[in-house]
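Asks: I have a structure here, written as structure tokens, and I will follow up with some questions on it.
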Amino acid sequence: MQQRVKKVVIAGGGTAGWTVAAALSGQLGALLDITIVESDAIGTVGVGEATIPTHKAFHRLLGVDEQAFMRATRASFKLGIQFENWGKLGDSYFHSFGKIGKSTWMGDFQHMWHQAKAEGGGGDLDDYCFELQAAKAGKFATSEKANINYAYHLDASLYAGFLRKYSEERGVKRIEGKINNVHVDPENGFITQLDLDNDQSIEGDLFIDCTGFRSLLTGDALGVGYDDWSHYLPMNRAIAVQTKSSGKIVPYTRSIARKAGWQWRIPLQHRVGNGHVYSSAHMSDDDAYKILVDNIDGEMVSDPRPIKFTTGRRKQCWTKNCIAFGLSSGFLEPLESTSIHLVQIGVTRLIQMFPFGGVNEAIQRHYNFHSEKELESIRDFLILHYKLNTRTDSDFWKECAAMDIPDTLRHRIELYKNNAIAYQDGLDLFRVDSWMQVFRGQGLESDGYHLMGRMLPQAQLEHALETLKANIGKTVSGMPRHEDFLKQYCGIDDV
């Protein structure tokens, strides 16, 4: 077969651009000519400093050494997210990355637990999740033999630099400059070249749009529309600031619900990332700023950065010979740390479907279908946090509880409410355990459950649960503190 697509041009750097460059050069470098156009004069959003466990698989694909990566990006480990004040004021629950208990082909663990509760035992469902208990205890340890699910907190700017070095070592060429014109073939609508402000012109066969919210290629040049999801996810502003570390470096992100939004706290080795995400229809920028600075620990080491966004997605990620990644393709607020994952899974999908013989509509449809379904599932998971709140202290939270929701999410809620069933379909990112933890953490209880637990004598069921709980407790008690493990694992002293 004749190779018609060889020259790939990536417009924009940052985490998204260099993630795409690293993956393509690492997997298909011998077949492609990859150029990235990036301007030092254009800043990146770069506040997303938390990831999810799929990040480890992406690094395995690239052959990245974990310890070297963590030293380079001043990263810490992440076992999940602690949600505070989300169900109602004073509430706190964990969405951890671990599995809850041991499930069978007949049904998931929660059905056994429900049976034990009905018989007067069972304890708390959280007792049966190793990662959740380790996070609450501030403990962490891993090794090649360890069976633990985790992700990272990282410095996004340092991570982009780490991936740049990786990519350039594999032949990616970087060109400095701002894009001031995008040439589109009037006959077929394909992009043919980018003109830069330094009089350079870059031709290509396939173009990657990583130009951020501006979406210079997909939005401006190709005119792809945008699906606005603000009616489901009303957040449209954020203020981000970094502070000096104070206190323990915990192995989890904190998400603290405020009057008209929520605040994040992300601990790295050398500092803490903080931010306040809010709805401008319910809170002024000045009030949002005050809430943030009044609720941070440690001295600020950066100027607060305001960010404006609209939750939603481009109607198509892949249009003609251009594919959008990162903020160019849309934005779902950072509540569950999915932004970097979406770039990683998008470029992995591109590698699997790479159009060497030429771009065609069939491959575009297939790629876009997968991207759309995964994004809709993540959207529903985010909406769940807002919909299930029972707060009455502000109009914002009352409106969220009363809002209409997608039928896909309504079905999930009804299925769990009536039957204690949560599920993960083929294109769903979040597992059964994730849905379970948020359902229960937000206060949704089940009226019914599978009676599989009745197949065991009561004493045997209770003994099995007690043994599982005790084994988790024993393992967690023997683990080092998170910051102590960081010092040993990363070979650093200033944690």
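Position 91, counted from 1, in the sequence shown is what the working numbering calls 100; the numbers after and before it change by one each time, with no gaps.
Here a beta-carbon is modelled for each residue, glycine too, at the ideal position from N, C-alpha and C.
Computed from a predicted structure; not experimentally measured.
1) Using 8 Å as the threshold, is the C-beta distance between Arg274 and Ser254 below it?
2) Would you check if there are 3 or more beta carbon pairs closer than 8 Å linking the region 245 to 264 to the region 349 to 369?
3) Going by beta carbon distance, what residues of the same chain come within less than 7 Å of Arg179, once the five residues before and after it are set aside?
4) Counting only the same chain and skipping the five closest in sequence on each side, list residues whose C-beta sits under 8 Å from that of Val368.
5) Report the residue ranges of all beta strand (DSSP E) runs contained in full by the region 12 to 95; include only those spanning at least 3 residues, in chain order.
6) If we define contact as Cβ-Cβ less than 8 Å, is His162 a contact residue for chain C?
7) With a 10 Å radius around its C-beta and 16 neighbouring C-beta atoms as the bar for buried, classify Asp237 as buried or exposed.
8) Can you say whether Gly500 is buried or exposed, counting buried as having 16 or more other CB atoms within 10 angstroms of its CB?
9) Any idea what DSSP makes of Asn304, helix, strand or coil?
10) Are the beta-carbon atoms of Gly186 and Val46 separated by less than 8 Å?
11) Output yes or no for whether 8 Å exceeds the beta carbon distance between Asp437 and Ser386.
12) Please state if the CB of Ala20 and the CB of Cys219 are separated by a distance shorter than 8 Å.
13) I'd like the list of long-range same chain contacts for Asp306, defined as Cβ closer than 6 Å, with 5 residues on each side in sequence excluded.
14) Using three-state DSSP, classify Gln202 as helix, strand or coil.
15) Going by Cα to Cα distance, which pick from Ile360, Asn427, Asp100, Cys138 is closest to Tyr483?
16) Measuring alpha carbon to alpha carbon, tell me which residue in Pro260, Cys409, Gly450 is nearest Ala150.
17) Quick one: Cα of Thr320 to Cα of Leu460, how far?
18) Any idea if Ala143 is buried or exposed, counting beta-carbon neighbours within 10 angstroms, 16 or more meaning buried?
19) For the alpha helix (DSSP H) holding Arg173, just list the boundary residues, first then last.
20) I'd like to check one pair, Trp271 with Val286: are the Cβ atoms closer than 8 Å?
21) Could you check what DSSP says for Thr476 in three-state terms: helix, strand or coil?
22) Between the region 369 to 379 and the region 203 to 211, do at least 3 Cβ pairs fall closer than 8 Å?
23) In this structure, does DSSP put Trp238 in helix, strand or coil?
24) Thinking C-beta only, is Leu88 closer than 8 Å to Ser101?
25) Report the start-end ranges of each alpha helix (DSSP H) in the region 366 to 422 that is 4 residues or longer and not cut off at the edges.
26) I'd like the list of long-range same chain contacts for Ala333, defined as Cβ closer than 6 Å, with 5 residues on each side in sequence excluded.
27) Would Arg83 and Asp164 be called neighbours here (beta carbons separated by less than 8 Å)?
28) Can you tell which of Thr63, Glu128, Thr24, Thr28 has the C-alpha that lies nearest to the C-alpha of Gln469?
29) Per DSSP, what kind of secondary structure is Gln124 in: helix, strand or coil?
30) Could you pull the DSSP bridge partners for Thr262 from this structure?
31) Helix, strand or coil: how does DSSP classify His350 here?
32) Taking the Cβ atom as the reference point for each residue, do Ile360 and Ala32 lie within a distance shorter than 8 Å?
33) Alpha carbon to alpha carbon, what distance is there between His192 and Gln202?
34) In the DSSP output, what is Met461 paired with across the bridge?
35) To which residues of the same chain is Ala429 closer than 8 Å at the C-beta, ignoring the five residues directly before and after it?
36) Applying the 10 Å Cβ sphere with the 16-neighbour rule, what's the burial state of Gly99?
Replies: Inspection of the coordinates gives the following:
1) no
2) no
3) Ser34, Gly35, Gly38
4) Val14, Phe199, Leu215, Lys329, Asn330
5) 16 to 20, 42 to 47, 85 to 87, 89 to 93
6) Reference to chain C is not applicable here, since this structure consists of a single protein chain.
7) exposed
8) exposed
9) coil
10) yes
11) yes
12) yes
13) Ser255
14) strand
15) The question names Tyr, but residue 483 is Lys in the sequence shown. When each option's Cα is compared against that of Lys483, the closest is Cys138.
16) Pro260
17) 41 Å
18) buried
19) 165 to 177
20) yes
21) helix
22) no
23) coil
24) no
25) 370 to 396, 404 to 411
26) Asp218, Thr227, Arg323, Cys326
27) yes
28) Glu128
29) helix
30) Ile90
31) helix
32) yes
33) 5 Å
34) Answer is none; Met461 lacks a bridge partner.
35) Gln119, His120, His123, Ser455, Gly457, Tyr458, His459
36) exposed
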